[in-house]
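Numbering (the working numbering), first residue to last: 13 to 120.
What follows is a set of notes on a single structure, which appears directly below.
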């Protein structure tokens with residue numbers, strides 16, 4: 013993973029996180045938006061402009077790849093680099109959660 017990728021994607025935006033998380037399975041943008049809405053009880057919605065701009069950027073940066081077109085919709089899936097970035101973010105979120113519960117102690 014390059015420094016540029018780390019700088020751009022770590023920490024991730026909520027949109028970026030949900031897109032990578034959803035793309036563990038092949039999906040197109042509309043499906044991602046529906047899944048995110050379902051996962052978050054409607055609290056998070058990704059506008060089409062944000063969705064397709066982020067998909068395009070992530071594809072260009074190698075975090076996701078185009079799989080095929082189905083009914084004029086592009087299906088994408090996460091790449092190895094995307095998994096790396098997603099795992100870094102999952103660990104970061106876990107650390108934040110643990111810290112908020114006082115489960116980490118620091119010397120001092």
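Heads up, the beta-carbon is just placed ideally off N, CA and C, and yes, glycines get one too.
Given residue i as reference, the closest of the options once Cα atoms are compared
i          : options            : result
residue 87 : 33, 14, 37 and 21  : 37
residue 59 : 101, 18, 71 and 46 : 46
residue 99 : 15, 23 and 14      : 23
residue 63 : 113, 55 and 29     : 29
Test item: CB-CB of residue i and residue j under 8 Å
i          : j          : result
residue 32 : residue 75 : yes
residue 85 : residue 42 : yes
residue 27 : residue 66 : yes
residue 69 : residue 57 : no
Anticipated Cβ contact below 8 Å, residue i with residue j, distance rounded
i          : j          : result
residue 35 : residue 97 : So it is not a contact: roughly 12 Å between Cβ atoms.
residue 17 : residue 83 : Not confirmed; about 32 Å, so no contact.
Beta-bridge pairing of residue i - partner residues as DSSP gives them
i          : result
residue 87 : 80
residue 39 : 88
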